[in-house]
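Chain order of the listed sequences is H and F. Read the first sequence against numbering that gives the first Met the number 0 and you will find it ends at 189, with the numbers running on by one and no gaps. Read the second sequence against numbering that gives the first Met the number 0 and you will find it ends at 189, with the numbers running on by one and no gaps.
Protein chains: 2
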Amino acid sequence: MLELKQYIKSYFGVVDTNDLDKIVSLFKLTTIKKGDFLLKSGKQCGKLSFVQSGLLRTFISTEDKEITQWISTKGYFAADLSSFIFETPSHSSIQALVDTEISTISKNNYKLLGELVPKWHELEKLFIVRCFIILEERIYRHLSMTAEERYEYFFENNKELFNQVPLQYIASMLGMTPETFSRIRRKQLS
Amino acid sequence: MLELKQYIKSYFGVVDTNDLDKIVSLFKLTTIKKGDFLLKSGKQCGKLSFVQSGLLRTFISTEDKEITQWISTKGYFAADLSSFIFETPSHSSIQALVDTEISTISKNNYKLLGELVPKWHELEKLFIVRCFIILEERIYRHLSMTAEERYEYFFENNKELFNQVPLQYIASMLGMTPETFSRIRRKQLS
DNA sequence: GTAATTTCTTGATTTTTGTCAAGAGTAATG
DNA sequence: CATTACTCTTGACAAAAATCAAGAAATTAC
């Protein structure tokens, strides 16, 4: 659970050591095999998962295609936040792209955090604000950049992903077809 | 401040009447004239504004263009959340599109809420989660829909906006040029 | 290690969207 | 009310991106 502790420290700054231990103790380390689902759409998202190692893909399926919303790498969380918080059926599915180690906390334990850790809701708020800002920036890129510029930006910030996951998923996440992705990629390589 | 009270009630469900009064009392009703700025990029966003009546536009300026991120109608909030929460310079500007009545809370008063209202941070969290979900859905539409489909969707849900604001702002918000917007619009009208 | 499956690339073509430029319509100002 | 500034529309064209189809390349499974 070392990674998780470090994450919380670095994200929330000074957290009381006791509180930190309480938080981390409610997470459970598990392993999920490549291809397995952490969450299927329609089910309630009953846990929040922190990636210790490996890769998770969050996506939405429609009749004719899958839209990849997010790829969670080491140090990121994965969940359908809406489903997790409001306990509604999830629209998204989450699948492991490789064998993945995660620290998960169940919704029940998550609720306990509010009681056990005095400043929990404040930390939680900061966490979600950060998620919000990430999405805000992402929308801005969709409004202001071409497919090629979005590729460039993503590549610069996630080079290591390009030889770890099927590129079609990255293409989908960036809002373009695999063919367009491939053509942009060739240009950038040469 | 009636609208604001109703908003809080409907969003957060049962809130203690005392708490509700405390929250609302920290907001101040003001008027902002058409064209005036509520926030300029580079400045810190020092307040959170709830639109009682009128329209606010949140946008980002680049060298050659303006990207409209959001238009706040009656019953919505406006702020650069990142700047407001973390007290950093804002990337966005906010401008009134018509004479607008807003209930604003200063950052200082906002901080007081955490002390005055026991469950504040929980309510705050729920508020931000809802903002997060709105963005998540918006990204999904960018990943899965064409300009025409995004137009359709927005039109169905915001018909009243179309004869209140310059259409170029809606076009920008939907990630298309005014020309494309105009052409799609003609198709839909016929 | 080979067959089967999936993923990626490439070309040809179509569709969508953007750009540039000009003009019409509308609103704002003195 | 006339002039000035926006805003919207339209056309012609260019560029970007999607689609369809076929074949390589890489992975997975037996």
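Backbone N, C-alpha and C fix where the C-beta goes; we use that ideal spot for every residue, glycine too.
Let me check one thing: in DSSP terms, what residues is residue i bridge-paired to?
| i | result |
| --- | --- |
| I93 (chain H) | H:L38, H:T57 |
| S71 (chain F) | F:L55 |
| K46 (chain F) | F:S105 |
| K27 (chain F) | F:T103 |
| P88 (chain H) | H:Q43 |
| I66 (chain H) | H:I59 |
| A77 (chain F) | F:S48 |
Name the chain H residues whose beta carbon is nearer than 8 Å to that of residue i?
| i | result |
| --- | --- |
| Q94 (chain F) | Those within 8 Å of Q94 (chain F) in chain H number zero; the least Cβ separation is about 17 Å. |
| S171 (chain F) | L142 |
Can you list the residues of chain F that residue i reaches, using a CB-CB cut of under 9 Å?
| i | result |
| --- | --- |
| Y139 (chain H) | I59, I66, Q68, H90 |
| G174 (chain H) | I138, H141, L142, S143 |
| K106 (chain H) | Residues of chain F passing the Cβ test: none, with the nearest at roughly 14 Å. |
Anything in chain F within Cβ reach of residue i, meaning under 7 Å, just list it in chain order.
| i | result |
| --- | --- |
| C190 (chain H) | Any property of residue 190 (chain H) remains undetermined from this structure, which presents chain H solely from 0 to 189. |
| V128 (chain H) | L80, I84, I127 |
Write down the C-beta distance between residue i and residue j rounded to the nearest angstrom, noting that I regard them as a contact closer than 8 Å.
| i | j | result |
| --- | --- | --- |
| Q51 (chain H) | I7 (chain H) | About 13 Å; that fails the 8 Å criterion. |
| E135 (chain H) | L38 (chain F) | Wrong, their Cβ atoms sit about 15 Å apart, outside the cutoff. |
| T99 (chain H) | I31 (chain H) | 5 Å |
| F36 (chain F) | L3 (chain F) | Their Cβ separation, rounded to whole angstroms, is 22 Å, which puts F36 (chain F) and L3 (chain F) out of contact at 8 Å. |
| Q187 (chain F) | F154 (chain F) | 7 Å |
Going by CA-CA distance only, name the one from the options that's closest to residue i.
| i | options | result |
| --- | --- | --- |
| S143 (chain F) | H:L160, H:I84, H:F126, H:T61 | H:T61 |
| S92 (chain F) | F:T16, F:F58, F:L122 | F:F58 |
| A95 (chain F) | F:S81, F:G53, F:F83 | F:G53 |
| R129 (chain H) | H:F76, H:Q167, H:L166, H:F154 | H:F76 |
| G74 (chain F) | F:K110, F:T16, F:Q5, F:L25 | F:Q5 |
| I70 (chain F) | F:F83, F:G12, F:S81, F:L160 | F:L160 |
| G113 (chain H) | F:K124, F:T179, F:K33, F:L25 | F:K124 |
| G12 (chain H) | H:L122, H:Q163, H:Y168, H:F131 | H:L122 |
| Y139 (chain F) | H:F36, H:V14, H:T67 | H:T67 |
| F131 (chain F) | H:T145, H:K110, H:D79, H:G34 | H:D79 |
| S163 (chain H) | H:L55, H:D15, H:F126, H:T179 | Looking at the sequence shown, residue 163 (chain H) is not Ser but Gln. Of H:L55, H:D15, H:F126, H:T179, the residue nearest in Cα terms is H:L55. |
| F126 (chain F) | F:N17, F:F49, F:D15, F:K33 | F:F49 |
| T72 (chain F) | F:N157, F:T179, F:R182, F:E178 | F:N157 |
| G34 (chain F) | F:L111, F:Y10, F:V97, F:L28 | F:V97 |
| S24 (chain H) | H:S40, H:S82, H:L1, H:G41 | H:L1 |
| S81 (chain H) | H:E65, H:D63, H:G41 | H:G41 |
| K64 (chain H) | H:L19, H:Y168, H:F83 | H:Y168 |
| D18 (chain H) | H:L111, H:T29, H:L28 | H:L111 |
Note down, in chain order, every chain H residue with its Cβ under 9 Å from the Cβ of residue i.
| i | result |
| --- | --- |
| F49 (chain F) | Near F49 (chain F) there are no residues of chain H at all, since even the closest Cβ is about 18 Å away, more than 9 Å. |
Cβ closer than 7 Å: which chain H residues qualify as neighbours of residue i?
| i | result |
| --- | --- |
| L134 (chain F) | F131, L134, E135, I138 |
Which chain F residues are close to residue i, counting only those with a beta carbon under 8 Å from its beta carbon?
| i | result |
| --- | --- |
| E123 (chain H) | H120, K124 |
With a cut-off of 8 Å, do at least 3 Cβ pairs link the region 138 to 149 of chain F to the region 172 to 181 of chain F? yes
Between the region 87 to 106 of chain F and the region 35 to 47 of chain F, do at least 3 Cβ pairs fall closer than 8 Å? yes
Can you find at least 3 beta carbon pairs, one from the region 111 to 124 of chain H and one from the region 76 to 90 of chain H, that sit closer than 8 Å? no
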